[in-house]
Amino acid sequence: MAGPVLEVRGLSVGFADGRRTVPAVHEVAFTLHPGETLALVGESGSGKSVTSLALMRLLPPAPRTRVTGAALLRGRDGTVHDLLALPDAAVRALRGDRIAMIFQEPMTSLNPVHRIGDQIAESVRFHRGLDRHAALKRAEGLIERVGIPDAARRLRAYPHELSGGMRQRVMIAMALACDPAVLIADEPTTALDVTVQSQILALLKGLQRETGMGLVFITHNLGVVAEIADRVMVMYAGRIVESGGVVPVMTAPRMPYTAGLIASVPRLDLKGGEMVSIPGTVPDPRAPPPGCAFAPRCPHRRPTPCDEAVPPLEAAGAGHDVRCRRWAEIAAAAAPRPALEARA
Amino acid sequence: MARFLVSRLAQSLLLLVLVSVIGFGVLHLAPGGPMAQFALVPGMSQAQLAEIAHAMGLDQPLPLQYWQWFSRLLVGDWGHSYRDAQPVLAVIAARLPATLELMGAAIALAVLTGVTVGVLGAVRRDSAFDVLSTAGAMVALSIPTFWFGLVTIYVFSVKLGWLPAGSRATVGDASLWGYVHHLIAPACVLALVEVAVWSRYMRSAMLDVIDQDFVRTARAKGLPERRVVLHHVLRNAWLPMITLAGLELPTLLGGALVTETVFTWPGMGRLFLDSLGYRDYPVVMGILMVSALLVLIGSLMADLVGAVVDPRVRLD
Amino acid sequence: MTDAPLAPPRRLAALLSRRPAAGRARSGALHRFLRHRLAVAGLAAIALMLLACWLGPLLIPYDQLFIDIRHRFAGPFAGPHVFGTDQLGRDLLVRLLMAGRISLTIGFAAMALSTAVGTAIGLVAGYRGGLVGAALMRCVDAVLCFPSVFLLLALAAFIRPNVVTITLIIAATGWMEVARVVQGQIRTLKARDFTLAAELMGASGFYVMTNELLRNAVGPIIVAATLTVARAILAEAYVSFLGYGIQAPVASWGNMLNNAQQYLGSAPWLAIFPGLMITVAVASFNFVGDGLRDALDARVEL
Amino acid sequence: MSQDHDEALPSARTQGPSRRRLLALGASAGALAFAGPLAGWVPGALAATPPTKPKGQAVIGLSQEPTVFQPLKLHIEVDEAVYMNLFGTLWRSNPDGSFAPDLAAEIPSVENGGISADGLAWRVKLRPDVKWHDGTPFTAEDVKYNLALLVDPKFLSGRRAGHDLLRDVTVVSPTEITWRMERPYAPYPAILSWTWFGPKHILEKEADINKPAFAQNPVGTGPFRWGERVPGDHITLKAYEGYHGPGPFLETLVIKYVPDLTVLYTQFQTGDIDYIGLQGITPDHYDEAKTLKGQVVQPVPKATIENLALNTGLPVFKDRAVREALYLAVDKKSIIEQLYYGLPVPTESYLPMQSWAFNPDLPAQSYDPEKAKATLDAAGWAPGPDGIRVKDGVRLEFTNSTTAGNHLREQAQQLLQQNWLEIGARMTISNLPPAVMWGDYWMLSKFESAMVGIDFMVGPDPDATDYFSSHAIAAKGGGGQNTTQFDSPEADALLKDGAATVDRAQRKAAYLKLQALTRRELPYLPLFQYAMVQGVKAGLEGYVPNINTQENCWNAGEWYWA
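Protein chains in written order, with my numbering: chain Y, 1 to 344; chain V, 1001 to 1316; chain S, 2001 to 2302; chain X, 3001 to 3562.
Here it is in structure tokens:
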């Protein structure tokens, strides 16, 4: 492979709140290679969606948000563009073409008053300059490709005439319209029935194989991660707290938070098994804890070193990073299945 | 669809009957009457007056008068004007086009301006433009239309001499410009309140839509902002506006009456005032019925058009 | 189910939304109202106007009715009459303020009346529902079919105009919206549990209506009432302007305009001051209504 | 007839000409229709000659809308502006008060044998060359039909009084008609001067004579024929080339309806309107209008007298002393000079000063509150605790009404209110919409006091029976407009004398006495005789104000552009 298709460096996002700026994302960095799937995992408010919207430049403009860092996207011709530094028009030319996104709510993410064919074709018409007829032809192909039967007829359907799963397929078709190099999928299955979920995941995986696109898959559900991701990046309170290959992170999480997330996955093999959850809530970004942001909810918390300062991201193995002062201690002391389970 | 139409029509007819009862009651229970004009005829004796009243059916009990009027209405006979003996429908029909012209121009102006201001205000929310246009709309809603009309005449006709002071056209000048020239001031005055209403509604409808997910989807496609706003936000936001157009009809008609008075516009509103002065009951009732009819048709049309342009709505 | 432990990112939505954070709702309607600068300005203007109209005339050494025919059409801001004099040589300022008393009184009285009637009809229609409710609401619809100006003029042409009758006819053409708002509100409230709870506890219909439903519909009613004051002032002005309203020598803002129309060329201040007073008064009530709408979170559009 | 100076009143004012003595200084006497420029009216340009073919257009602006186009039907003053130009009368009144034949070949008189010495037998000769606008010849049959229709009980006639005295109307030949009068009635020639005729051959075919299709496309014998009507806006009349008299010189005559007086004036100012009819330019604009370039603006006297009508049927007004005192307390000078800009002329009579029967020797009122108080004191009206006078339990307190919306009159009312309060009389203003004011409220004397402009004459004739005869009190079952309920046997006798003879000297003697009587008894407090500010665009020749007609566009057939 010819190097990463997307490289994010030191991405930080802050929201203006009155005269202050409330930080939402700190110094996020990652790389994405063609054909690779990176799962971005975290609770609500962890900053994963903000990260993706910042990459897409879909956050409100400057005075309301402050975005710093770089997001280098490799263009079709091999040139590298910094998504965060380009003028709006240049970003628009890449958005929907080289980098595309699908959203969590298929029910509301489609425009209710336009036919889905037109909505899919719209992107092609703009990026490829096709006329309406040719664009619709292509849309029909895309609809078939995302597994919707009777494509020619569906083209003329309105969103409200489709089920949630169908709509998400339409969203995917729309995102794939211009063969993007990077697809960001923000919780694409959360709002769907479980059976539909796996269909969509399978579809995404299949399409990725066909096109070789890089996939950033955002979810709060680690069960899904295991199915789809090559690498995992866990976020908490706007920071990456653990990242690495899917196997090491899922089997041997080093960050207590990651461990908690894994434990909270409902398991089909445990019949009637109790749901495990992490107590407490995500800290208010306006008043973050002084040290480790997870410390207030962490079973392994020690005032020292946990509350002293924000811990740095440390290497915990090959390509496996973790943001915890005590990861080594905890790992040494604990059994493979972390202690959180007991707290249920 | 058919069932919807039938039930709506039935409801509208019921409303029309109610309207006619209320209108008839208000008019006929009040003091004064059409006999005043006959009483001033030289040599008219009280006995002759009584004869005329009898001939006009004015001496009968009110419910009976109503029934006679209404049963004639049912067969399409709206009666004759007491004043000039012409059929009421002909009298109204002669005046309606002027009113419709004024209303049409005003609504076109109001929709165009109001929608633009509302869209810009929503897109640039909290900008100076937004704050000023919102406050401006509120003030526009508060200016008495007749006063604004007077000031307009004073400034643009009397002081500056740019616009004609009232009337629909200069007699003998049948040019299009002649008509447009006369239309400018009254249409603007009538449009003022409507611009305010439309921009406020448009802005809030836009804001309802602008934060929705599908707008983000459109942006994610890399569409130019212009297209996002016009094709995606506006296309959704103007759907409730169609209903508004229906709801605004009574206000607009009322505003037209006021504007017609100030600008001596030869429309239905002016006729209404003149006929009230003469207690020309058949004409006054006719105008009330026609305006109620317009209002009902307007709201029905708004529903129908709304259903046609909004794929989500099914009428049944 | 997967969402149970970790809710989807609602807070993000709150952050991204550029609307005032919902989280601040707790700081109360008053706070939200006060944040509405135009509404506060409107309230201040109304207070000032009430004060000026009721106290001002006591401080001005002219009688609003005293005719001094030799000093007619004195210009404003020159000489002893601050706002000049009118066509009969009366002091314009004191007339403006006395007219304010009349216009505002009619505004408030018509509001009170139409709100009371509208609320009563809306309550009954909303609570009773069924045939009675439908019949009442059809009547509301029928009256709404008339452009209110038509109805107002039809009524005005027949009455002997004075403050009471003018108030009555304005109220008669202004209660329908309130009725609609209340009826709609009551219907949604009725569908909620607490009505049922009250009824199960044996409360009478009247009790439920007044104590439970009405109390909960009070926000929209207040907003509607405020906007009704604005409408009533405009209505009075128009009727009086046409000469069917408040009669000379008593002044109202509307009939001051009526008399001033023909002097637009020679004495424009006679038309400008009353027109401005109407605009300021109506705008103030509209601003307050708008602020209340936000503060009480009542979606009322009149 | 009550006349109001604002819009939308249903007053069927049908007044007519009177003899203009004072203003007719240079008038060419005689039977010709054209009576030279009036003293007091200065034409805009040097006299030019009329064109040989009809040319150009004149726009007449009116603040009320003509809507009745069947001239015999019940109509109002403004409708006559159309009749004057579209229809013909047997004869019409000149500005000097003489008659000029129109459809008649000559004015019937005792001298030429048209009227018998006792005034009962009439013989009218008609012009042989008159054709209706549709080409049908006009004949005596038309006259007979019209005279019969006017008194047809099924017809909503514009005037029955006078016509109902006719008996044995006989067509002698197509150009000659005769009839007999039930009794001598002096005003009848005057009444005929504003009785316009419609075509028998069309009207007799109407399915319902009260709802005539004729009104859609009226046909007359006047100098102009029907063009088109845009309701609510204007009526266009076209030159009738077959007209039997002089003219028409204008190709088009437009009668435009502009209900708002201010807008009407503005359109006159900007030149959209060439002449403002009816009440003309409002006095408020007089000073400004005088300075207009390109417009000739001047006050023109009207026959209407502004009055305070007191309902003498009420206890408070029964006492002559009260009426006298109220009159003394009226600051007439301020009303005329300040409120009406000095335009009207103060008067003590109910007749215009131009009438041949006008009495110039009546005592002049002077504003004297002290004398008014003394009068009331002497009559036993003593001030009560609140300053309002009382006598025998009757408080000196009453309402005053007029049509709502008449600005100048409302100002005068307010001034009077202040005047009267000074002498201990409280007047409350209670103005009403026209349809209420002029209905039973006025006709059946339900008002207390009213401010009205009245033209008391019957056409050009000074007969005021309708207003002062005790048989004309509608509230007591009479037919007439004696709404003040003035009941005086002396007045009845004088009125009877005046109407029963055609001898002018004899009539004048009766009317002079009657004027002295009403000045003394004061059923009406006379304020002033109206003068309207009228204006025409410079260059419009042939315009001549005529106090004897309702409308000064009476001779528009002879107008032309210089």
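Idealized CB from N, CA, C, for every residue including glycine.
Remember, it's a predicted structure, so these values are computed and weren't measured experimentally.
Figure out for me which residue from the options has the closest Cα to the Cα of residue i.
i, options, result
"X:Ser3449", "X:Ala3186, X:Lys3144, X:Thr3312", "X:Thr3312"
"X:Glu3306", "X:Met3532, X:Tyr3083, X:Pro3071, X:Ser3470", "X:Met3532"
"Y:Val41", "Y:Met233, Y:Phe103, Y:Gln104", "Y:Met233"
"Y:Ala39", "Y:Pro188, Y:Leu130, Y:Gly206", "Y:Pro188"
"V:Met1206", "V:Phe1263, V:Ala1122, V:Val1117", "V:Ala1122"
"Y:Ile143", "Y:Met166, Y:Phe126, Y:Gly206", "Y:Met166"
"V:Leu1294", "V:Leu1027, V:Asp1130, V:Asp1274, V:Ala1245", "V:Ala1245"
"X:Tyr3327", "X:Val3130, X:Gly3061, X:Arg3520", "X:Arg3520"
"X:Pro3434", "S:Pro2080, S:Leu2242, S:Ala2230, S:Ala2120", "S:Leu2242"
"Y:Ala309", "Y:Pro290, Y:Thr195, Y:His300", "Y:Pro290"
"Y:Met171", "Y:Pro283, Y:Ile120, Y:Met213", "Y:Ile120"
"X:His2993", "X:Gly3271, X:Ile3335, X:Asn3146, X:Ile3191", "No answer is possible for residue 2993 of chain X: the residues shown for chain X start at 3001 and end at 3562."
"X:Ala3378", "X:Val3322, X:Gln3365, X:Arg3160", "X:Val3322"
Which bits of chain A does residue i rub up against, with CB to CB less than 9 Å?
i, result
"Y:Asp82", "No chain A appears in this structure, whose protein chains are Y, V, S and X."
Per DSSP, residue i forms a beta bridge with which residues?
i, result
"V:His1080", "V:Pro1087"
"Y:Thr31", "Y:Glu7"
"Y:Tyr236", "Y:Arg239"
"X:Ser3173", "X:Glu3176"
"X:Pro3526", "X:Asn3307"
"Y:Met101", "Y:Ile184"
"X:Arg3123", "X:Thr3178"
"S:Asn2258", "Partner(s): none; S:Asn2258 has no beta bridge."
"X:Ala3450", "X:Ala3309, X:Ser3401"
"Y:Gly244", "Y:Val232"
"Y:Ala315", "Y:Asp321"
"Y:Glu210", "For Y:Glu210, which the question treats as bridged, DSSP gives no partner whatsoever."
Counting along the chain, where does the beta strand (DSSP E) carrying residue i start and finish?
i, result
"S:Met2176", "Taken as a continuous stretch (DSSP letters only), S:Met2176 belongs to no beta strand (DSSP E), being part of the alpha helix (DSSP H) at 2175-2190."
"X:Lys3476", "Counting along the chain, X:Lys3476 falls outside any beta strand (DSSP E), and DSSP gives it neither H nor E."
"X:Pro3101", "3099-3101"
"X:Arg3507", "Note, X:Arg3507: premise wrong, no beta strand (DSSP E); alpha helix (DSSP H) at 3504-3521."
"V:Arg1072", "No beta strand (DSSP E) contains V:Arg1072, which is instead part of the alpha helix (DSSP H) from 1062-1074."
"V:Thr1264", "V:Thr1264 -> no beta strand (DSSP E), and no H or E assigned at all."
How far does the alpha helix (DSSP H) with residue i in it extend, from its first residue to its last?
i, result
"X:Glu3566", "It is not possible to answer for residue 3566 of chain X, since the shown part of chain X is limited to 3001 through 3562."
"X:Met3427", "Taken as a continuous stretch (DSSP letters only), X:Met3427 belongs to no alpha helix (DSSP H), being part of the beta strand (DSSP E) at 3426-3429."
"Y:Ala157", "That residue, Y:Ala157, is in no alpha helix (DSSP H); it is neither H nor E in DSSP."
Okay, do the stretch 3100-3116 of chain X and the stretch 3541-3555 of chain X touch, 3+ Cβ pairs below 8 Å being the bar?
The stretch 3100-3116 of chain X makes no contact with the stretch 3541-3555 of chain X: fewer than 3 CB pairs, one atom from each, lie closer than 8 Å.
Decide if the stretch 214-229 of chain Y is in contact with the stretch 112-121 of chain Y; the criterion is three or more beta carbon pairs, one per stretch, under 8 Å apart.
Contact fails: fewer than three Cβ-Cβ distances are below 8 Å.
Is it the case that the stretch 3133-3150 of chain X contacts the stretch 3481-3500 of chain X, given that we only count it when at least three CB pairs across the two stretches are under 8 Å?
By the criterion of at least three beta-carbon pairs nearer than 8 Å, the stretch 3481-3500 of chain X is not in contact with the stretch 3133-3150 of chain X.
Do three or more CB pairs link the stretch 2082-2101 of chain S to the stretch 2047-2059 of chain S at distances below 8 Å?
Output reads yes: the stretch 2047-2059 of chain S touches the stretch 2082-2101 of chain S.
Quick one: complete alpha helix (DSSP H) runs, 4+ long, within the stretch 3308-3351 of chain X?
Whole alpha helix (DSSP H) segments, 4+ residues: 3315-3318, 3320-3328.
Counting only runs of 3+ residues fully inside the stretch 30-94 of chain Y, write out the beta strand (DSSP E) ranges in chain order.
Unbroken beta strand (DSSP E) runs of no fewer than 3 residues, entirely contained in the stretch 30-94 of chain Y, are found at 37-41, 65-74, 80-82, following chain order.
Note down, one range per segment and in chain order, each alpha helix (DSSP H) of at least 4 residues found wholly within the stretch 1110-1151 of chain V.
Uninterrupted alpha helix (DSSP H) stretches at least 4 residues long and entirely within the stretch 1110-1151 of chain V occur at 1128-1142, given in chain order.
Does the structure place the stretch 2074-2081 of chain S close enough to the stretch 3406-3413 of chain X that three or more beta carbon pairs sit under 8 Å?
Two segments are said to touch when three or more pairs of C-beta atoms, one from each, lie closer than 8 Å; by this definition the stretch 3406-3413 of chain X does not touch the stretch 2074-2081 of chain S.
Hey, is the stretch 3089-3098 of chain X in contact with the stretch 3224-3231 of chain X, meaning 3+ C-beta pairs nearer than 8 Å?
Flag = no, the stretch 3089-3098 of chain X and the stretch 3224-3231 of chain X do not touch.
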